[in-house]
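All the letters of the sequence shown, read from the start, carry residue numbers 3 to 387 under this note's numbering. Reading through the C-alpha cells given below for one structure.
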Amino acid sequence: MNKIDAADETQLLATIDRWIAREVAPRVKEFDHADKWPAGIVEQMKELGLFGATVSPDYGGLGLPATTYAEIVMRISSVWMAITGIFNSHLMLALAVEKFGTEPQKRHWLPRFASGEIRGGLALTEPDAGTDLQAIRMTARREGDHYIINGTKTWISNGIEGSCFALLVKTDPEAQPRYSGMSLFIAPKGPGFKVGRKLEKLGYKSIDSGELVFEDYRIPADHLIGEVEGRGFTQVAGGLELGRINVAARGVGIAEGALRLATSYAQVRKTFGKPIAEHQAIALKLGEMATRARAARLLTLDAAQAFDRGERCDMEAGMAKYFASEAALENSTESMRIHGAYGYSKEYDIERLYRDAPLTCIGEGTNEMQRLIIARQWLKRNAIV
3 MNKIDAADET
13 QLLATIDRWI
23 AREVAPRVKE
33 FDHADKWPAG
43 IVEQMKELGL
53 FGATVSPDYG
63 GLGLPATTYA
73 EIVMRISSVW
83 MAITGIFNSH
93 LMLALAVEKF
103 GTEPQKRHWL
113 PRFASGEIRG
123 GLALTEPDAG
133 TDLQAIRMTA
143 RREGDHYIIN
153 GTKTWISNGI
163 EGSCFALLVK
173 TDPEAQPRYS
183 GMSLFIAPKG
193 PGFKVGRKLE
203 KLGYKSIDSG
213 ELVFEDYRIP
223 ADHLIGEVEG
233 RGFTQVAGGL
243 ELGRINVAAR
253 GVGIAEGALR
263 LATSYAQVRK
273 TFGKPIAEHQ
283 AIALKLGEMA
293 TRARAARLLT
303 LDAAQAFDRG
313 ERCDMEAGMA
323 KYFASEAALE
333 NSTESMRIHG
343 AYGYSKEYDI
353 ERLYRDAPLT
363 CIGEGTNEMQ
373 RLIIARQWLK
383 RNAIV
C-alpha cells in the first residue's frame, strides 16, 4: 500500500494548483480550439513527476496512493480534462509492467516511464473489439527468440505522440476460453509498427487518439510482460480498477468545474433587477449540481481508498466511474443552460467541459457495462446461502 505524509500531500497539491493557475488555465483555449499537442505542458508534467505518479519510488516514481492521484486528476480536470489522459494512459502501461513484469523488465522500463523519457499508453481496442476485449484479432506468433505481430488497434490515446504501448494480442487464437490465449507485450515503436490516421473527436482535444497498424512487427520475446503466455487478459483487468478510478476523478473534476463556472456566472449575471442565482429556478439547479458533485467525489475517494488498501474494488470503481461520469455530463449541461447563450460561445470555458464530459461515460468501459459489473458484484457479495 502506497502512503504519503499529510504535509507532503498538501504541498504537492498546492504545487499542482499553482501550476494549473499559472500554466494551464491561461493557455487551455489556445490548445483546445486548435486541437494542438501541448508540448510545453507535457514537459512541465514530466518535471512535476506526473508520468511516474503511481510508480514505486524503487523505480524512480512518486509512489502516490490512489487517493492522492485521484485528487490531482480532479483538480486538473476541473480546468482541462484532456491533459490528464496524457499521463493516465501512460500510467496504465507502467502499472502493467510493475504489477506483472519480471524484475529485469521493471528495472529496464519503469525508470524510463517514470521520468517521461518513454511515454505511451495502453493499446487494447480494435475496430471490432472494444468492451468485448476477448474478441480482439491481433496475433503474435513465436519465432525463435522473437514474436511476429500483425493487426490493428484503434482509439489509442497517445498513439501518435507516444513511443511505447502495452499491447494486447492473441498468442493462441484457438484457445478456449478465449481469454486464456491472450498475452500483453511491451511494444516500442519500430519497424513494422506504423501510426495510422489521427481520429477527430467532439472533445478531448489536444491529446491524440490514433490507429496503430502492425505488419510483421518483430519484437523480442523478453518484451512479453511476465514472460509467460496466456496471462494478458488478467493483466489488463488488473489495471482497469485504477483506470476507472481515474475516469471517475475526471468526471468529478468536470462536475466541480461546471459547478464553479455556473456559481460564478449566476452571481454576476442579472435579470429582472437581481442576480440570476436569486431566482428559484437557478437556485434549484445549483443545489442539485452541488449535491451531485459532492456525491461523485465521495464515491471516487471511497473506491480509491479501497484500492489503496489492496482490496478488490471493481464494484466500488464501477460505481464511482458510472456516477461521476453521469454527474459530469449532467452538471456540464446544466451549467451551459445557466450560462444561456454565452454557454454556447467558444469564449466561455463551459462549452469545453460540455464537449469533454461525454467521453467519461464511454472511456474505460461504457456506463452500461459498469452497471452490469456493479450488479454482478453486488449479488456475489450478497448471495443467499
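Each residue gets a CB set at the ideal place from its N, CA and C atoms; glycine is no exception.
For residue i, the three-state DSSP class (helix, strand or coil)
{"i": "R199", "result": "strand"}
{"i": "M140", "result": "coil"}
{"i": "A131", "result": "strand"}
{"i": "N4", "result": "coil"}
{"i": "C363", "result": "helix"}
{"i": "L288", "result": "helix"}
{"i": "T86", "result": "helix"}
{"i": "T56", "result": "coil"}
{"i": "H148", "result": "strand"}
{"i": "G259", "result": "helix"}
{"i": "G320", "result": "helix"}
{"i": "L226", "result": "strand"}
{"i": "T273", "result": "strand"}
{"i": "Q28", "result": "Checking the sequence, you will find Pro at residue 28 rather than Gln. Looking at P28 - three-state DSSP - the assignment turns out to be coil, as it is neither helix nor strand."}
{"i": "P190", "result": "strand"}
{"i": "G312", "result": "coil"}
{"i": "G232", "result": "coil"}
{"i": "T69", "result": "helix"}
{"i": "E176", "result": "coil"}
{"i": "P40", "result": "coil"}
Test item: CB-CB of residue i and residue j under 8 Å
{"i": "G312", "j": "I375", "result": "no"}
{"i": "G245", "j": "M47", "result": "no"}
{"i": "T154", "j": "L214", "result": "yes"}
{"i": "A84", "j": "K207", "result": "yes"}
{"i": "L355", "j": "A268", "result": "no"}
{"i": "Q379", "j": "D304", "result": "no"}
{"i": "R232", "j": "T141", "result": "In the sequence as presented, Arg is not what sits at residue 232; that position holds Gly. Not a contact, by the Cβ cut-off of 8 Å."}
{"i": "L263", "j": "I352", "result": "yes"}
{"i": "V254", "j": "G365", "result": "no"}
{"i": "S334", "j": "I256", "result": "yes"}
{"i": "L112", "j": "P360", "result": "no"}
{"i": "G198", "j": "G183", "result": "no"}
{"i": "L301", "j": "A326", "result": "yes"}
{"i": "G234", "j": "F216", "result": "no"}
{"i": "E336", "j": "C363", "result": "no"}
{"i": "A41", "j": "V81", "result": "no"}
{"i": "A297", "j": "L288", "result": "no"}
{"i": "V190", "j": "T156", "result": "Looking at the sequence itself, residue 190 is Pro, so the reference to Val does not match. Contact flag unset, no."}
{"i": "T133", "j": "G345", "result": "no"}
Strand pairing of residue i, partner residues [DSSP]
{"i": "G212", "result": "I158, K200"}
{"i": "S185", "result": "V171"}
{"i": "A125", "result": "L169"}
{"i": "R220", "result": "I150"}
Top-ranked residue by Cα proximity to residue i, from the options
{"i": "E318", "options": "D134, E332, R299", "result": "R299"}
{"i": "Q136", "options": "V197, S185, F102", "result": "S185"}
{"i": "T236", "options": "A330, R180, H92", "result": "R180"}
{"i": "A223", "options": "A41, R144, S165", "result": "R144"}
{"i": "L286", "options": "T265, N248, S117, L126", "result": "T265"}
{"i": "A295", "options": "K323, A308, P277", "result": "K323"}
{"i": "I88", "options": "V197, E73, S159", "result": "S159"}
{"i": "S117", "options": "L204, I386, D316, G65", "result": "G65"}
{"i": "G103", "options": "F216, V238, A142, T173", "result": "V238"}
{"i": "T70", "options": "Y149, L14, R357", "result": "L14"}
{"i": "A96", "options": "R121, T127, E128, D19", "result": "R121"}
{"i": "E32", "options": "D10, C363, V387, Y350", "result": "Y350"}
{"i": "I22", "options": "A177, T127, V75", "result": "V75"}
{"i": "S58", "options": "N4, G241, V26", "result": "N4"}
{"i": "D358", "options": "R252, E370, A377", "result": "R252"}
{"i": "D60", "options": "R20, N369, K108, D310", "result": "K108"}
Rounded separation between residue i and residue j - CA only
{"i": "R391", "j": "E229", "result": "In the structure as shown, the chain begins at 3 and stops at 387. Residue 391 is therefore absent and cannot be evaluated."}
{"i": "Q282", "j": "M291", "result": "14 Å"}
{"i": "S91", "j": "D218", "result": "25 Å"}
{"i": "G62", "j": "E100", "result": "12 Å"}
{"i": "A68", "j": "Q307", "result": "7 Å"}
{"i": "R77", "j": "E258", "result": "9 Å"}
{"i": "F115", "j": "P106", "result": "14 Å"}
{"i": "G146", "j": "R220", "result": "11 Å"}
{"i": "E73", "j": "A55", "result": "12 Å"}
{"i": "A98", "j": "K382", "result": "27 Å"}
{"i": "F187", "j": "Y149", "result": "10 Å"}
{"i": "E163", "j": "G192", "result": "14 Å"}
{"i": "I43", "j": "S79", "result": "14 Å"}
{"i": "I247", "j": "K276", "result": "41 Å"}
{"i": "E49", "j": "A385", "result": "49 Å"}
{"i": "R139", "j": "V171", "result": "7 Å"}
{"i": "K348", "j": "E332", "result": "19 Å"}
{"i": "L169", "j": "V30", "result": "31 Å"}
{"i": "Q372", "j": "G240", "result": "16 Å"}
{"i": "F167", "j": "L126", "result": "10 Å"}
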